[in-house]
Ligand code: MN
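Residue numbers (this note's numbering): 75 to 267.
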C-alpha cells in the first residue's frame, strides 16, 4: 500500500500569525512530504507494505521507524489546528486535566515547559494510558507514545523547522502561541481509554 499525504483542511495562511504560510509550505509541503516519500520507498517489496501506519511504527526501527513515525506525527500535528476551533476542552478530558493539573492554564504551562525542555529535535506529547490518566511526554527525534502503549491526544513539534522561520530561536514563544490555534474539539475526540 502506498501512503499519500492528506490535503490540509485549511488554507496555507489560515493559521497566521501563529504559523505563517511560508512555514506551512516548507513544513507540510516539503518536510512532511519527504517523510512520506521515504516511507513509501522503504516499505516497497517488504512485509511492511500491507501494514497500517500505526503497526509499522510499533514494529520497525532505524530509518523505517523514523520516517513512518515522522509521517504519522506531522499529520497528527497539522490536523489538530483550526483558528476558529474550540478554545478549551469540556467533558471527561477537562475533568481529567483539572484533577491532575488543577486547571487548564496550569496544564498548558507544564506542557510548554516540557516542550521548551526537549533537548534538540523532538516533540512534546499529551497521551493517556489505559486508565485515562494523562501523561506529558518529552520525546526525542521521531519518538511516539504509541510505542509505549499510550494513546496520543495532543502534540507540539519542537524541531527547529517547525518554528525557526517565524520565531527564530524563541521556541517558548512559539509553544505559547500554539494554544491560539489548537482546536480542543479534535483533542477531546482523541481522548479515549
Ligand atoms: Mn516537523
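Ideal Cβ placement from N, Cα and C applies to all residues, glycine included.
Source: prediction; values computed, not measured.
- Task: Measure the beta-carbon distance from residue 182 to residue 206 and round it to whole angstroms, keeping in mind my assumption that it falls under 8 Å.
- Result: Numbered from 1 along the chain shown, position 108 holds the residue referred to as residue 182. Numbered from 1 along the chain shown, position 132 holds the residue referred to as residue 206. So it is not a contact: roughly 20 Å between Cβ atoms.
- Task: Tell me whether residue 165 sits in a helix, a strand or coil according to DSSP, three-state version.
- Result: Indexing the chain shown from 1 puts residue 165 at position 91. Taken through DSSP and simplified to helix, strand or coil, residue 165 comes out as helix.
- Taking the beta strand (DSSP E) that residue 196 falls in, what are its first and last residues? Position 122 of the chain shown, counting from 1, holds the residue named residue 196. Per DSSP, residue 196 belongs to the beta strand (DSSP E) from 196-202.
- Count the other C-beta atoms from every protein chain shown that fall within 10 angstroms of the C-beta of residue 96, then say buried if there are 16 or more, exposed otherwise. The count along the chain shown starts at 1 and reaches residue 96 at position 22. Exposed, by the Cβ-count rule.
- Task: Verify the contact flag: residue 231, CB atom, against every heavy atom of ligand 1, threshold strictly below 7 Å.
- Result: Indexing the chain shown from 1 puts residue 231 at position 157. It does: the Cβ of residue 231 is within 7 Å (strictly closer) of some heavy atom of ligand 1.
- Message: So, with DSSP's three-state summary, where would you put residue 139?
- Response: Here the question's residue 139 lines up with position 65 in the chain shown. It is helical.
- Task: Measure from the alpha carbon of residue 249 to the alpha carbon of each residue in 262, 263, 232, 239, then state which is nearest.
- Result: If you number the chain shown from 1, residue 249 lands on position 175. The shortest C-alpha to C-alpha distance from residue 249 to any of 262, 263, 232, 239 is the one to 232.
- Between which two residues does the alpha helix (DSSP H) harbouring residue 246 extend? Position 172 of the chain shown, counting from 1, holds the residue named residue 246. Looking at the DSSP string, the run of the alpha helix (DSSP H) that includes residue 246 is 245-252.
- Task: Classify residue 231 as helix, strand or coil using the three-state DSSP reduction.
- Result: As a first step, residue 231 is located in the chain shown; it is residue number 157 there, counting from the start. Of the three classes helix, strand and coil, the one that applies to residue 231 here is strand, per DSSP.
- Apply the 10 Å Cβ neighbour rule to residue 163 and answer buried if 16 or more other Cβ atoms are within range, or exposed otherwise. Within the chain shown, numbered from 1, the residue matching residue 163 stands at position 89. Answer is buried; the Cβ neighbour count reaches 16.
- Task: Measure the C-alpha to C-alpha separation of residue 127 and residue 159 and round it to an integer number of angstroms.
- Result: Start at 1 with the first residue of the chain shown, and residue 127 comes out as number 53. Start at 1 with the first residue of the chain shown, and residue 159 comes out as number 85. Distance between the alpha carbons of residue 127 and residue 159: 27 Å.
- Item | DSSP three-state assignment for residue 226, whether helix, strand or coil | In the chain shown, counting from the first residue as 1, residue 226 sits at position 152. In the structure shown, residue 226 adopts extended strand secondary structure according to DSSP, grouped into three states.
- Task: Take the Cβ of residue 193 as the centre, count every other Cβ of all protein chains shown within 10 Å, and call the residue buried at 16 or more, exposed below.
- Result: In the chain shown, residue 193 corresponds to position 119, counting from 1. Result: exposed.
- Query: Is the beta carbon of residue 220 sitting closer than 8 Å to the one on residue 208?
  - Reply: The residue you call residue 220 lines up with position 146 of the chain shown. The residue you call residue 208 lines up with position 134 of the chain shown. Taking 8 Å as the Cβ cut-off, residue 220 and residue 208 do not qualify as a contacting pair.
- Bridge partners - residue 214, DSSP secondary structure assignment: Sequence index remark: in the chain shown, residue 214 carries index 140 (1-based). DSSP output for residue 214 lists 196 as bridge partner(s).
- If residue 140 sits next to residue 215, beta carbons under 8 Å apart, how far is it from one beta carbon to the other, in whole angstroms? Locating residue 140 in the chain shown gives position 66, counting from the first residue. Locating residue 215 in the chain shown gives position 141, counting from the first residue. Contact flag correct, Cβ pair sits at about 7 Å.
- Please name the residue, chosen from 251, 262, 104, 244, that lies closest to residue 148 on a Cα-to-Cα basis. Taking the first residue of the chain shown as 1, we reach residue 148 at position 74. Considering only alpha carbons, the answer is 104.
- Query: Going straight from the alpha carbon of residue 88 to that of residue 157, what length do you get?
  - Reply: As a first step, residue 88 is located in the chain shown; it is residue number 14 there, counting from the start. As a first step, residue 157 is located in the chain shown; it is residue number 83 there, counting from the start. If you draw a straight line from the Cα of residue 88 to the Cα of residue 157, it is about 7 Å long.
- Query: For residue 243, is the classification buried or exposed, using 16 other Cβ atoms within 10 angstroms of its Cβ as the cut-off for buried?
  - Reply: Position 169 of the chain shown, counted from the first residue, corresponds to residue 243. That one is exposed.
- For residue 148, is the beta carbon positioned less than 7 Å from some heavy atom of ligand 1? The residue labelled residue 148 in the question sits at position 74 within the chain shown. Under cutoff, so the answer is yes.
- Item | Exposure label - residue 134; buried when at least 16 CB within 10 Å | Taking the chain shown and counting its residues from 1, one reaches residue 134 at position 60. That one is buried.
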